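Written below as structure tokens is the structure these notes are about.
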Amino acid sequence: MVKAVDFIEANLKADIAVADIADAVSYSLYHFCRMFNRITRHTPYDYLMRRRLSESARELAETDKKIIQVAFDYRFNSPETFSRAFKRVFNVQPYQWRKQGSLDRRVLMSRLTPAHIQHINKGDYLNPVLEERGAFQVAGVMALVKDDQEVIPLLWDTLAGELADIGSIDTGGRYSGIAWYPRGWQKRGYLYLAAVEAKPQAVLGSALVVKTMPPSKYARFIHKGPYRDLGLTLDYIYQTWLPKSGKRTAGPFVIEDYGHKLGHPDDEASETGIDIPIK
Amino acid sequence: MEPTIVERDQILLAGFSFFGDPFAASGGWTEENEIGRLWNRLGAYMAHHGDRIKHIKNPCVYYEVHITHAETAEKGHFEVFVGVEIEQLEDLPVDISAKMLPPTAYAVFTLKGGQITSDWARMIYQEWMPGSGYEEAYRYAFQLYDQRFKGLDALDASVLDVYVPVKPVREAARAS
Numbered sequence: 185m186v187k188a189v190d191f192i193e194a195n196l197k198a199d200i201a202v203a204d205i206a207d208a209v210s211y212s213l214y215h216f217c218r219m220f221n222r223i224t225r226h227t228p229y230d231y232l233m234r235r236r237l238s239e240s241a242r243e244l245a246e247t248d249k250k251i252i253q254v255a256f257d258y259r260f261n262s263p264e265t266f267s268r269a270f271k272r273v274f275n276v277q278p279y280q281w282r283k284q285g286s287l288d289r290r291v292l293m294s295r296l297t298p299a300h301i302q303h304i305n306k307g308d309y310l311n312p313v314l315e316e317r318g319a320f321q322v323a324g325v326m327a328l329v330k331d332d333q334e335v336i337p338l339l340w341d342t343l344a345g346e347l348a349d350i351g352s353i354d355t356g357g358r359y360s361g362i363a364w365y366p367r368g369w370q371k372r373g374y375l376y377l378a379a380v381e382a383k384p385q386a387v388l389g390s391a392l393v394v395k396t397m398p399p400s401k402y403a404r405f406i407h408k409g410p411y412r413d414l415g416l417t418l419d420y421i422y423q424t425w426l427p428k429s430g431k432r433t434a435g436p437f438v439i440e441d442y443g444h445k446l447g448h449p450d451d452e453a454s455e456t457g458i459d460i461p462i463k
Numbered sequence: 003m004e005p006t007i008v009e010r011d012q013i014l015l016a017g018f019s020f021f022g023d024p025f026a027a028s029g030g031w032t033e034e035n036e037i038g039r040l041w042n043r044l045g046a047y048m049a050h051h052g053d054r055i056k057h058i059k060n061p062c063v064y065y066e067v068h069i070t071h072a073e074t075a076e077k078g079h080f081e082v083f084v085g086v087e088i089e090q091l092e093d094l095p096v097d098i099s100a101k102m103l104p105p106t107a108y109a110v111f112t113l114k115g116g117q118i119t120s121d122w123a124r125m126i127y128q129e130w131m132p133g134s135g136y137e138e139a140y141r142y143a144f145q146l147y148d149q150r151f152k153g154l155d156a157l158d159a160s161v162l163d164v165y166v167p168v169k170p171v172r173e174a175a176r177a178s
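So, in structure tokens, the structure goes:
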């Protein structure tokens, strides 16, 4: 199936049909559709269209090419069919997307690499449980995270230090890493809060930021493996699971639930709860 | 694998239909896809309301028909019809669909065990058909499920026939 993905990626601007992809990997159309879906969790046609739309979205945000040119480059018959498909998948019109200028990983479909495929097929960790959570308060240390994620372990160390001073009277002992993805986060970075649950009237050191998380519905996934692979899980959640689920995100943030262990695990066997706010 | 060539009259079927990519919800060979869903619906219907369908030839024999449409090559969307054979269309309940297969010759392939989940479509159309002296007569094929099929979890003990409509390749007209 990696070969099939390679073929699709090499032909995003070419006039290919699903039958051509099946031929390229020497499967009958019927067998190919079955296998492709089992391994990638997308139908071949869905993957092809989402990739075409995502690459065209990238070009709209990064270049000055006319919308009509991008539409024809990616094999749409007319600006109208392009616009309709774009709106259906990304919930905005192409010109609105271009104006808005942000590249949101949460919406664009990235190329499925062998790492993605292997990660998805690791097991049944990628089917979520839906749950409601009431409002809760957290206290922690926050920073802007850019190209590398090395600041995150530092945040957890800093939090550990602060908590050692405070003691656990006013904290709930449940650790969460909360990431916020503001507009333009791919270029400017995202905000990460390494936090512990705090009682509403807690008296805490002034080095800590206190935040109240609103009540919300969440889809809880279990990410298995080291922290550095979290991106693969998030790609699956936003690009594969979310579109199929019929649900939408309720806010531009993600909660990593570490239970009673101070965050940032690094071994293959560790499990982290990932809560995505949905509506 | 060599097929048996048989001639069949028109086949009238009563059952349920799906159009699209049957594996959109889930690929693989579990029942968690549209084909599995069709079978579940049909099984439930036959168990509770099977008496509403008149003139069933054999209630223990089921057909799964795959039909190519205009969009099939482009999008991988096709039609799947599952049903039982009926002698005639009389008083068909509104919640049951009918399918009429034309009279034609069929190449019948008998699949056993692991062959059932292999890429038999490729074997039939890309390997057997060219050079067989036959070509596709209609753009559909069906699988016949009878008592020889023991279930998805007992494939090793199962036997399944695939029927492919064929006609002899016409000799090129000779100029005289």
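Those protein sequence lines, which keep their order, are chains A and B. Plus 184 on top of the position in the first sequence (first one is 1) and you've got the working numbering. Plus 2 on top of the position in the second sequence (first one is 1) and you've got the working numbering. The beta carbon of each residue, even a glycine, is placed where N, CA and C say it ideally should be. Computed from a predicted model, the values in this text were never measured in an experiment.
Length at least 3, wholly inside the segment 323-411 of chain A: the beta strand (DSSP E) runs in chain order: 355-364, 374-382, 393-397 and 400-408, all fully within the segment 323-411 of chain A.
Sufficient close CB pairs (3 or more, under 8 Å) joining the segment 403-419 of chain A to the segment 275-286 of chain A: Judged by Cβ distances under 8 Å, the segment 403-419 of chain A makes no contact with the segment 275-286 of chain A, as fewer than three pairs qualify.
Meets three-Cβ-pair contact criterion under 8 Å: the segment 236-252 of chain A and the segment 35-55 of chain B: Cβ pair count under 8 Å is below three, so no.
8 Å Cβ cutoff met for residue 156 (chain B) and residue 201 (chain A): No.
Coarse secondary structure for residue 36 (chain B), derived from DSSP in three states: It is helical.
Element boundaries [beta strand (DSSP E), containing residue 102 (chain B)]: Note, residue 102 (chain B): beta strand (DSSP E), 99-103.
Contact set between residue 46 (chain B) and chain A, taken where Cβ atoms lie within less than 9 Å: Within chain A, no residue has its beta carbon less than 9 Å from that of residue 46 (chain B); the closest one is some 24 Å off.
Interface residues of chain B facing residue 203 (chain A) [CB-CB closer than 9 Å]: The answer, in chain order, is 74, 75, 76 and 78.
Segments of 4+ residues assigned as alpha helix (DSSP H) that fall wholly inside the segment 417-443 of chain A: Segments of the alpha helix (DSSP H) lying fully in the segment 417-443 of chain A: 426-429.
Residue 179 (chain B), buried or exposed, once every other Cβ within 10 Å from all chains shown has been counted against 16: No information on residue 179 (chain B) is available, as it lies outside the stretch 3 to 178 that chain B covers here.
Supposed close pair residue 363 (chain A), residue 401 (chain A) - CB separation, criterion 8 Å: 18 Å between Cβ atoms; not a contact.
With 16 other Cβ atoms within 10 Å as the buried cut-off, status of residue 102 (chain B): Within a 10 Å sphere around the beta-carbon of residue 102 (chain B) sit fewer than 16 other beta-carbons, which makes this residue exposed.
Backbone CA spacing between residue 127 (chain B) and residue 143 (chain B) [nearest angstrom]: Straight through space, the alpha carbons of residue 143 (chain B) and residue 127 (chain B) are spaced by roughly 11 Å.
Cα-Cα separation between residue 273 (chain A) and residue 390 (chain A), rounded to whole angstroms: C-alpha of residue 273 (chain A) to C-alpha of residue 390 (chain A): approximately 44 Å in a straight line.
Exposure label - residue 79 (chain B); buried when at least 16 CB within 10 Å: Buried is the call here.
Chain B contact for residue 211 (chain A) (CB, 8 Å cutoff): At least one chain B Cβ lies under 8 Å of residue 211 (chain A).
C-beta neighbour in chain A for residue 109 (chain B), strict 8 Å: No, no contact with chain A.
Burial state of residue 176 (chain B), where buried means 16 or more other Cβ atoms lie within 10 Å: The predicted position of residue 176 (chain B) is uncertain, since its pLDDT is 46 and thus under 50; a value taken from the coordinates is nonetheless stated next. Classification for residue 176 (chain B): exposed.
Cutoff 8 Å; reference residue 27 (chain B); Cβ partners in own chain excluding five residues on either side: Same-chain partners within the cutoff: 34, 35 and 36.
Closest residue to residue 56 (chain B) among B:69, B:100 and B:10 (Cα-Cα distance): By alpha-carbon distance to residue 56 (chain B), the top candidate from B:69, B:100 and B:10 is B:100.
Sequence-distant residues of the same chain with beta carbon closer than 7 Å to residue 320 (chain A), five excluded per side: A distance below 7 Å between beta-carbons, with the five flanking residues on each side excluded, links residue 320 (chain A) to the following residues of its chain, in chain order: 381 and 397.
Own chain, CB closer than 7 Å to residue 344 (chain A), minus 5 neighbours either side, in chain order: Same-chain partners within the cutoff: 446.
Strand pairing of residue 170 (chain B), partner residues [DSSP]: Answer is B:136, bridged to residue 170 (chain B).
Proximal chain A residues relative to residue 71 (chain B), where beta-carbon distance stays under 9 Å: Neighbours of residue 71 (chain B) on chain A: none; closest Cβ ~12 Å, over 9 Å.
Contacting positions in the segment 276-304 of chain A - beta carbon closer than 9 Å to chain B: From the segment 276-304 of chain A, no residue has a Cβ closer than 9 Å to chain B.
Per-residue DSSP class, three states only, for residue 114 (chain B): If DSSP states are grouped into helix, strand and coil, residue 114 (chain B) belongs with the strands.
Beta-carbon separation (whole angstroms), residue 64 (chain B) vs residue 86 (chain B), contact threshold 8 Å: Right, the Cβ-Cβ distance comes to about 6 Å (below 8 Å), so this counts as a contact.
Contacting positions in the segment 388-408 of chain A - beta carbon closer than 7 Å to chain B: For the segment 388-408 of chain A, there are no residues whose beta carbon sits under 7 Å from a beta carbon of chain B.
Opening and closing residue of the beta strand (DSSP E) in which residue 145 (chain B) lies: 142-147 is the span of the beta strand (DSSP E), which, as asked, contains residue 145 (chain B).
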